[in-house]
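To start, the structure under review is shown below, and the notes come after it.
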Amino acid sequence: MTMVRNYVRATPATALIAAVCIIAWLITAVQARTLGATFYDSPLAADWGLWGPDYPFRPQAALSSEFMHLDAGHLAVNMIMLLLIGKEVERTLGTGLYLAAYFTSCLGASAMILKFDFNTPTVGASGALFALMVMLVGAYRQRGLNLRAPIALVVANVAYTFLADGVSLWGHLGGLCTGIVLSLFLYRKSPVFRWSGVVAVTAVLLAFLAQQAGVWG
Numbered sequence: 047m048t049m050v051r052n053y054v055r056a057t058p059a060t061a062l063i064a065a066v067c068i069i070a071w072l073i074t075a076v077q078a079r080t081l082g083a084t085f086y087d088s089p090l091a092a093d094w095g096l097w098g099p100d101y102p103f104r105p106q107a108a109l110s111s112e113f114m115h116l117d118a119g120h121l122a123v124n125m126i127m128l129l130l131i132g133k134e135v136e137r138t139l140g141t142g143l144y145l146a147a148y149f150t151s152c153l154g155a156s157a158m159i160l161k162f163d164f165n166t167p168t169v170g171a172s173g174a175l176f177a178l179m180v181m182l183v184g185a186y187r188q189r190g191l192n193l194r195a196p197i198a199l200v201v202a203n204v205a206y207t208f209l210a211d212g213v214s215l216w217g218h219l220g221g222l223c224t225g226i227v228l229s230l231f232l233y234r235k236s237p238v239f240r241w242s243g244v245v246a247v248t249a250v251l252l253a254f255l256a257q258q259a260g261v262w263g
């Protein structure tokens, strides 16, 4: 328990995101009455999942889908990645900026899915995780650490995305691209520049998502 308390104290945003994902999945498991593919028999999963044709009626799915998972294995892999990578990025950026960048990354992954994979139902934190992997490179660079490990992590996961079945290609690429754009701002010296960059990227993504939801256009 001491280790958990220390983790939460040091990186509260990462702990909170993981807790929301785990609690959401547990609810779907209860609703579906299984520890297997909970997504397909859960009303919460249907409400939170991202699916293009249904998106105008559930625009919150652009964010909520990143907190929903297909089954226990899907959840476990993503949470391990989140707890390891998120910890390092949050410690570097600070909790507030990290949380803003994480939510923006969720929106970026969803925007890419709606643009290029409209008819495929999608859930999972991996879109945002791809953004965090890019941010981890920036965190290592800022600390003066060897960049080979985080770069290898990004390359390996991009390769896996193209080679594996059942993963969201466009969700992963959306997160990756969002992470790259955000990293142009996140590691600048000026706090105003860092926050302004995140706000600008978020505004662009929200405008696109609003258009996709039929708010205008």
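In terms of this note's numbering, the sequence shown is residues 47 to 263.
Backbone N, C-alpha and C fix where the C-beta goes; we use that ideal spot for every residue, glycine too.
Query: Got a sec, what are the start and stop residues for the alpha helix (DSSP H) Y206 sits in?; Result: R194 to L209
Query: Determine the contact status of I73 and L62, defining contact as a CB-CB distance below 8 angstroms.; Result: no
Query: Taking all protein chains shown into account, do 16 or more other C-beta atoms lie within 10 angstroms of the C-beta of Y206, making it buried, or fewer, making it exposed?; Result: exposed
Query: If I measure Cβ to Cβ from P196 and keep anything under 6 angstroms in the same chain, skipping five residues before and after, which residues do I get?; Result: L182, V183 and Y186
Query: Could you say which of V54, T150, A118 and H120 lies nearest to S18 if we only look at CA atoms?; Result: Any answer about residue 18 is impossible in this case: the structure gives the chain only from 47 up to 263.
Query: If I follow the unbroken alpha helix (DSSP H) through D93, where does it start and stop?; Result: P89 to W94
Query: Return the CA-CA distance between V200 and N192, expressed in angstroms with no decimal places.; Result: 14 angstroms
Query: So, does the segment 212 to 221 touch the segment 231 to 239, judging by three or more C-beta pairs under 8 angstroms?; Result: no
Query: For the alpha helix (DSSP H) containing K161, list its first residue and its last residue.; Result: T141 to F162
Query: When you compare only the Cα positions, how much space is there between T48 and A249?; Result: 40 angstroms
Query: Do the CB positions of L230 and L153 come within less than 8 angstroms of each other?; Result: no
Query: Determine whether the beta carbon atoms of A108 and L116 lie at a separation below 8 angstroms.; Result: no
Query: Tell me which residues share the same chain as L215 and place their Cβ nearer than 8 angstroms to its Cβ, disregarding the 5 neighbours each side in the sequence.; Result: D163, T207 and F208
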